[in-house]
């Protein structure tokens with residue numbers, strides 16, 4: 015059997031990390047078995063669906079590296095397909111037309127609540143033999159009693175009494191199918207064999223199974239993963255750092271870090287924490303999905319991202335950081351600076367910010383007031399004035415030669431390193447920390463380094 019999965023977001027907002035994890039799990043399962051992975055845009059909510067969100071979802075999927083087979087499927091374009099399935103239900107007696115208004119249905123539910131019963135539609139149009147008409151909907155006719163039972167890949171054996179359900183609407187009065195009807199039709203048409211999604215969909219799964227059975231369609235396998243929690247084990251929200259995928263991209267995170275973080279939210283492979291994408295495809299076979307909710311930890315994501323910033327090849331990292339650099343900088347210049355700052359950066363925004371002092375001119379350099387007060391006293395300026403002629407006369411302005419030059423000066427004057435290094439560092443970069451001084455001098459070059467010393471000495 016060829017494994018076929020799908021990811022089916024609604025374009026009513028940007029792709030968030032819960033949806034991204036679902037997409038990742040579906041993608042990995044299909045790729046592990048050499049199957050197919052489809053993308054379906056469930057845009058039947060005409061009032062809330064937006065093209066900008068569709069574009070954002072597609073862009074986020076591409077950024078994460080989750081490619082799909084074929085073209086995306088758009089539900090808005092498939093009304094005729096759904097109508098055919100609804101007609102199939104009507105013809106078999108498994109559905110009927112209903113003329114009850116939303117107000118009447120709500121009154122039924124209120125009456126049931128008042129009696130302590132399950133609030134649901136009471137089926138009053140079942141035997142009326144109605145046909146299509148203005149304001150009418152089509153409802154699915156529930157089987158008489160019994161249970162809906164299926165084996166969940168995550169939850170195990172799962173069941174509900176049919177008495178807990180009601181005759182759901184399958185076709186709205188505007189001619190559009192409801193979610194469950196469209197999903198069953200699409201999953202069957204697309205040959206979906208495995209449906210992986212959040213466990214908030216379990217109530218939908220019961221209803222979808224009834225639709226499959228009513229139309230004698232083969233059932234896919236279902237896997238429902240628990241919702242993602244925050245570090246405090248409460249429902250994940252923005253206060254926990256949960257944002258849209260596009261926001262993580264804009265904040266300078268790397269896709270492999272987010273992928274690695276998300277895949278561990280409900281799945282494991284021994285004690286391994288860091289995976290390449292190739293390893294994930296090799297290991298992810300649908301087993302080891304945890305039925306317990308997992309907690310998203312923003313600090314772990316930052317740790318992973320810092321790891322990937324360090325591990326990304328210099329040329330690639332220079333290309334990735336370029337859009338975050340405000341100053342004009344050539345690719346060659348960025349390739350020089352990236353190795354100096356990558357060890358201290360959590361993400362690309364921080365990397366670009368840290369490199370800024372070496373990308374501006376001497377006159378544009380902004381100084382940290384506290385660093386100036388601490389390091390650039392009269393004594394500090396005197397140390398710079400004594401060091402300047404040596405730097406100007408240095409025959410070799412490479413980092414190794416400059417390191418020897420500075421240490422020779424310190425030894426000849428009977429100084430200690432911390433008397434010279436802090437004022438020199440602040441004069442060159444405006445801040446108290448950063449890469450080694452010889453590396454900074456080499457990257458700045460002789461002319462720019464002397465100009466920065468002159469600005470302080472003057």
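In this note's numbering, the protein residues as written are 15 to 472. Just so it is clear, CB atoms sit at the ideal spot from N, CA and C, and this is done for glycine as well.
In this structure, the alpha-carbon of residue 344 lies about 12 Å from that of residue 337.
About 7 Å separates the CB atoms of residue 272 and residue 78; that is less than 8 Å, so the two are in contact. Its chain contains 370, 373 and 374 as the residues whose beta carbon lies nearer than 8 Å to that of residue 341, once the 5 sequence neighbours on both sides are disregarded; these appear in chain order. Scanning the segment 213-281 from its first residue to its last, the whole alpha helix (DSSP H) runs of 4-plus residues come out as 216-228, 259-264 and 269-277. Residue 30 has its alpha-carbon roughly 11 Å from the corresponding atom of residue 67.
Note: residue 161 is bridge-paired with 175 in the DSSP secondary-structure output. In the three-state reduction of the DSSP assignment, residue 307 falls in the coil class. In this chain, the beta strand (DSSP E) harbouring residue 50 covers 50-55. Leaving aside the five residues that flank residue 169 on each side, the residues in its chain whose CB is nearer than 8 Å to its CB run, in chain order, 213, 216, 238 and 305.
The alpha-carbon separation between residue 231 and residue 99 amounts to approximately 11 Å. At the C-beta level, residue 113 and residue 150 come within 8 Å of one another.
Taken atom to atom, the span from the alpha-carbon of residue 209 to that of residue 34 is near 15 Å.
Between the alpha carbons of residue 178 and residue 339 lies a distance of about 58 Å. Cβ neighbours of residue 233 within its own chain (closer than 6 Å, five residues either side excluded): 226. In the three-state scheme derived from DSSP, where H, G and I count as helix and E and B as strand, residue 23 is classed as coil.
Separation of residue 419 and residue 433 (C-alpha to C-alpha, rounded to the nearest whole angstrom) is 16 Å. With contacts defined as CB atoms closer than 8 Å, residue 360 and residue 348 fail to qualify as a contacting pair. Your pair residue 381 and residue 368 does not check out as a contact, with CB atoms roughly 16 Å apart and the cut at 8 Å. Collapsing the DSSP output to three states places residue 41 in a helix. In the same chain as residue 415, and ignoring 5 residues on each side of it, the C-beta atoms closer than 7 Å to its own belong to 408, in chain order. In this structure, the alpha-carbon of residue 463 lies about 53 Å from that of residue 26.
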